[in-house]
């Protein structure tokens, strides 16, 4: 009865989706396809609008990008900075999660701590980058002032001098901005665990550490993987902080892929074609990562149900055939 | 008994460690902003003497002096603020309304392409807008639409993340009986959505509003590419100007400029932090 009614109203499903679909086609799909197209053309130079597809060697731009030392460097920089920030970020977030969700001894004031830890995440990344440029300033920034006062350094440290220092500071800023977010996500995952599981663990005499490693961690595995993959996708798009803090300093030690893409397209020779090719390469990487994410996050029960339905359908069909 | 006692001691020891770490982390969150606000009221000379100090000989005069310094140069926080407000508000309104509408279409009606459409939304959720920037810019350039704030706003109509979130919310909270009874009362479909369903989604709308607004407010990459005219700059672009050579040694005014951009966010956060922190968890994963 109800189903029949819904079928009558079905056309509204289409009507109400029209704005989304139109905006998607114009502002997402078209730019994606156009970026792809530009990747195969000779489009470069300011004010150029005519494009010619490179029929003779269609993958020339892609080859140029993949062979470019600067691109290779920016890609490895991006991944290294991401790893340097993600490992301590996940570690600290897990530790805080274990502390804040411990059922035997409540941490007082954790509401306030959560709010404070999460705060850096909402501040404009551009502002954060410049603020830290000042804070890690050389020779007279606040950090150097502290180091000199404490006698740890005589003249202060130039934090933008070497690639490893630049990577370290950028990774630290990313870590500082994101560990609170990761913690909040993990805590919500722990809260979602059925309390009966913990009670059973208590009855079996599991101690705190055992409970955390044998119960909590396996139960929040999905959410951890979710954080991992979304963080990796975000990390591959790192732009604001390295472009404002690191720039081209320290032998391009903090030069990321998005900076490469932007510089190719909007500086120097305005090579839109190689920039587009680099975008497409990153697009492919991100799509692959997303597929991993969806595989992890898939609804296992629903997948089983679908499989079952399919099998039943097949059986019914084969019966008809007989 | 002794055993129990030592266990107790151990847990007190752990507690002490927990609080020490938490307090250190809290200081780490706050200190950069404290330095920023306090140095905004100090002169460049004072900052060079000691960059980490709350002391300022003439806080008000220095504040005015710092303000005058950056006012005479390219940094224009007022314009950036207004432009950012226009873009963020427009983005939030469009994204929220049309995401709710699309989510409702996905939830309340049965149509042939529904599952395919939902699959598409899930599929494109993870793709960041920065990836398509070159094509987007070129297309906008061809039709002369660069330097239009509207080009930063209108694409928000298609916000796959939020559609996904809103659909989950509707699934959990809206019963079709309410919709059916509105139909019996003779309300049209569009009116049912506007008058009944949309107001019912308030809690979800509130959290999504905050995140969309903050996300749009903080965006640098896309505006920086699309907007080349000074009077169209958004706040993050203005902030990035503070990095330029002309401010190299004007430490006081850099800190003041940064403070001005952070202040609205801190006020919003102070008022809404509870909902924000809870909202993060809601928006993340479906279960």
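Protein chains in written order, with this note's numbering: chain A, -3 to 318; chain B, 1474 to 1760. Glycine residues also receive a C-beta, built at the ideal position from the N, C-alpha and C atoms.
Check: Per the DSSP calculation, residue 37 of chain A is bridged to which residue(s)?; Outcome: A/49
Check: Apart from the five residues on each side of it in sequence, which residues of its chain come closer than 7 Å, Cβ to Cβ, to residue 1515 of chain B?; Outcome: 1529, 1535 and 1725
Check: Strictly below 9 Å CB to CB, what residues from chain A border residue 1728 of chain B?; Outcome: 127 and 130
Check: Output yes or no for whether 9 Å exceeds the beta carbon distance between residue 1723 of chain B and residue 1549 of chain B.; Outcome: no
Check: Suppose the cutoff is 7 Å on Cβ atoms and the five residues either side in sequence are ignored; what does the same chain contact list for residue 1758 of chain B look like?; Outcome: The pLDDT assigned to residue 1758 of chain B is 44, lower than 50, so where the model puts this residue is not dependable; a value taken from the coordinates is nonetheless given after this. Excluding residues within five positions, none has a Cβ falling inside 7 Å.
Check: Measuring only between beta-carbons, confirm whether residue 106 of chain A sits less than 9 Å from chain B.; Outcome: yes
Check: When you compare only the Cα positions, how much space is there between residue 299 of chain A and residue 291 of chain A?; Outcome: 11 Å
Check: Can you list the residues of chain A that residue 1682 of chain B reaches, using a CB-CB cut of under 9 Å?; Outcome: Per Cβ cutoff of 9 Å: no residues; residue 1682 of chain B is ~13 Å from chain A at best.
Check: Is there a Cβ from chain B that is less than 9 Å from the Cβ of residue 166 of chain A?; Outcome: no
Check: So what's residue 155 of chain A in DSSP terms, helix, strand or just coil?; Outcome: coil
Check: Contact defined as beta carbons within less than 8 Å: I believe residue 277 of chain A pairs with residue 61 of chain A. What is the distance between those atoms, to the nearest angstrom?; Outcome: 6 Å
Check: Which of the three DSSP states is assigned to residue 103 of chain A in this structure?; Outcome: coil
Check: When you compare the CB of residue 1642 of chain B with every CB in chain A, is at least one pair closer than 9 Å?; Outcome: no
Check: So, is residue 1665 of chain B buried or exposed, given that buried needs 16 or more other C-beta atoms within 10 angstroms?; Outcome: buried
Check: Taking C-beta pairs closer than 8 Å, name the residues in chain A that residue 1616 of chain B reaches, listed in chain order.; Outcome: In chain order: nothing, as chain A lies at least about 10 Å away.
Check: Could you list the residues in the stretch 98 to 122 of chain A with a C-beta less than 7 Å from some C-beta on chain B, going in chain order?; Outcome: 101, 103, 109, 110, 111, 112, 113, 114, 115, 116, 118, 119, 120, 121 and 122
Check: Just the C-alpha distance for residue 1484 of chain B and residue 143 of chain A, rounded to the nearest angstrom, thanks.; Outcome: 35 Å
Check: For residue 54 of chain A, count neighbouring Cβ atoms within 10 angstroms of its own Cβ and tell me buried if that reaches 16, exposed if not.; Outcome: exposed
Check: Quick check: residue 1524 of chain B and residue 136 of chain A, are their CB atoms within less than 9 Å of each other?; Outcome: yes
Check: Shorter than 9 Å from the beta carbon of residue 265 of chain A to some beta carbon of chain B?; Outcome: no
Check: Kindly list, in the order they appear in chain A, the residues whose Cβ is closer than 7 Å to that of residue 1631 of chain B.; Outcome: 16, 19, 20, 23 and 24
Check: Give me the chain B residues within the contact set of residue 214 of chain A, using Cβ-Cβ distance strictly less than 7 Å, ordered along the chain.; Outcome: Going along chain B, no residue has its Cβ under 7 Å from residue 214 of chain A, so there is no contact; the nearest lies around 15 Å.
Check: Could you compute how far the alpha carbon of residue 208 of chain A sits from the alpha carbon of residue 93 of chain A?; Outcome: 10 Å
Check: For the alpha helix (DSSP H) containing residue 1670 of chain B, list its first residue and its last residue.; Outcome: Careful: residue 1670 of chain B lies outside any alpha helix (DSSP H) and carries neither H nor E.
Check: Return the chain-ordered list of same chain residues with a C-beta closer than 7 Å to the C-beta of residue 1752 of chain B, the five sequence neighbours on each side being excluded.; Outcome: 1680, 1683 and 1684
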